[in-house]
Amino acid sequence: MEILIRSTPAEVAVEAANIFAHYANAGSTLGLATGSTPVAMYKELIARYERGEVSFADSRAFLLDEYIGLERTHEQSYYSTIRREFTSHVDFNDDLVKSPAGDADDPAAAAATYDKAIRDAGGVDIQLLGIGANGHVGFNEPSSSLTSRTHVTTLHPQTVNDNSRFFDTVDEVPRFAVTQGLGTINEARRLLLLATGSNKANAVRDMVEGPLSAHCPASILQLHQHATVIVDESAASQLEDREYYIFADQHRPHRPLFS
14 MEILIRSTPA EVAVEAANIF AHYANAGSTL GLATGSTPVA MYKELIARYE
64 RGEVSFADSR AFLLDEYIGL ERTHEQSYYS TIRREFTSHV DFNDDLVKSP
114 AGDADDPAAA AATYDKAIRD AGGVDIQLLG IGANGHVGFN EPSSSLTSRT
164 HVTTLHPQTV NDNSRFFDTV DEVPRFAVTQ GLGTINEARR LLLLATGSNK
214 ANAVRDMVEG PLSAHCPASI LQLHQHATVI VDESAASQLE DREYYIFADQ
264 HRPHRPLFS
């Protein structure tokens with residue numbers, strides 16, 4: 014993994030936008046994620062779009078996951094969230110912004126259909142990821158299969174509690190979701206994971222320096238040929254080899270963007 018440590022969340026957002034903008038301008042297939050962490054990067058990309066520095070007109074997008082039981086028009090569905098926070102503010106073709114059908118009558122069948130749609134589109138060129146305090150990526154909670162495809166999953170109580178800030182009460186948070194599996198995620202040609210804040214420090218440590226384990230689903234990034242992790246100093250605070258990562262970042266040989 015490429016570990017990039019930046020001083021502040023704002024610097025994380027700028028670094029991530031630098032990478033994402035290159036892929037957008039190349040008309041790539043983008044994997045998008047919701048949650049709090051990517052919002053600053055999305056705002057940076059919107060500002061660059063308004064300055065004429067980036068275009069999404071030739072890109073398509075696949076969303077990482079979706080709650081089960083919320084209609085697409087619900088303000089907390091990820092279908093609505095990604096449009097409210099990002100894609101409606103730039104020149105995406107909305108028909109090409111895809112997400113799992115969490116309101117389908119048969120969510121398991123919808124999950125399989127979504128997984129096939131990603132493959133039929135030629136796969137994802139760059140997949141944006143966050144990490145939960147318990148090490149989950151997407152909604153792949155601890156104990157998730159490291160080779161899983163897009164599937165229906167039960168949310169961990171910690172995830173439900175963490176996501177309750179987006180709802181009026183914790184009881185309103187859905188308990189089930191459709192998520193790209195770890196196997197699906199790991200097929201993207203590049204992974205870009207962002208983490209900020211001290212509450213993510215232990216998960217970042219386990220992902221980067223711990224064993225490959227279903228206990229920390231994000232550790233699947235250890236197997237990827239081009240995974241970039243961008244964290245702020247707080248999220249990096251538990252990394253034992255922190256000084257090495259800083260040195261390696263400063264002296265890294267040039268690597269082709271799309272390798």
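Numbering (the numbering used here), first residue to last: 14 to 272.
Just so you know, even glycine gets a beta-carbon here, dropped at the ideal spot from N, CA and C.
With 16 or more neighbouring CB atoms inside 10 Å of its own CB, histidine 149 falls in the buried class. Looking at the backbone, the Cα of threonine 100 and that of glycine 44 are separated by about 12 angstroms.
Look at serine 232 here: in three-state DSSP terms it is helix. In this structure, serine 41 lies near aspartate 138, with their beta-carbon atoms less than 8 angstroms apart. In the DSSP assignment, histidine 35 falls within the alpha helix (DSSP H) that extends over 22-38. Arginine 96 and histidine 102 have their alpha carbons spaced roughly 8 angstroms apart. Take aspartate 245, set aside five residues on each side of it, and the residues of its chain with a beta-carbon closer than 8 angstroms to its own are Ile18, Arg19, Ser20, Thr21, Pro22, Glu24, Val25, Ala208, Thr209 and Gly210, in chain order. With the rule of 3 Cβ pairs closer than 8 angstroms, the segment 56-64 does not count as touching the segment 154-173. A check of alpha carbon separations from aspartate 108 across Ile259, Ser72 and Asn153 identifies Ser72 as the nearest.
Secondary structure at valine 150: strand, using DSSP grouped into helix, strand and coil. For tyrosine 257, the number of other beta carbons within 10 angstroms of its own is below 16, and it is reported as exposed. In this structure, valine 165 lies away from alanine 114, with their beta-carbon atoms at least 8 angstroms apart.
Under the DSSP assignment, glutamine 140 falls in the beta strand (DSSP E) whose first and last residues are 139-142.
The distance from the Cβ of leucine 252 to that of leucine 234 is about 14 angstroms, inconsistent with a contact at the 8 angstroms cut-off.
Of the other Cβ atoms in all chains shown, 16 or more fall within 10 Å of the Cβ of leucine 83; this residue is therefore buried.
The alpha-carbon of alanine 125 is positioned some 21 angstroms away from that of proline 230. Distance from the CA of serine 157 to the CA of glutamine 140, rounded to the nearest whole angstrom, comes to 19 angstroms. Contact between phenylalanine 75 and phenylalanine 105 fails: their C-beta atoms lie close to 12 angstroms from each other, not under 8 angstroms. In the assembly as shown, alanine 39 is an exposed residue. Its beta-carbon has fewer than 16 other beta-carbons within 10 Å.
With distances taken between CA atoms, threonine 167 lies nearest to Thr192 out of Ala123, Tyr127, Phe180 and Thr192.
Look at histidine 102 here: in three-state DSSP terms it is helix. By the C-beta density criterion, threonine 94 is buried, having at least 16 other C-beta atoms within 10 angstroms. For asparagine 176 and valine 186, the gap between their C-alpha atoms comes out near 7 angstroms. Residues of the same chain with a CB within less than 8 angstroms of the CB of glutamine 263, apart from the 5 flanking positions on each side, do not exist.
With respect to the 8 angstroms criterion, aspartate 78 and glycine 151 are classified as neighbours on the basis of their beta carbons.
Counting along the chain, the unbroken alpha helix (DSSP H) around isoleucine 131 starts and ends at 120-133.
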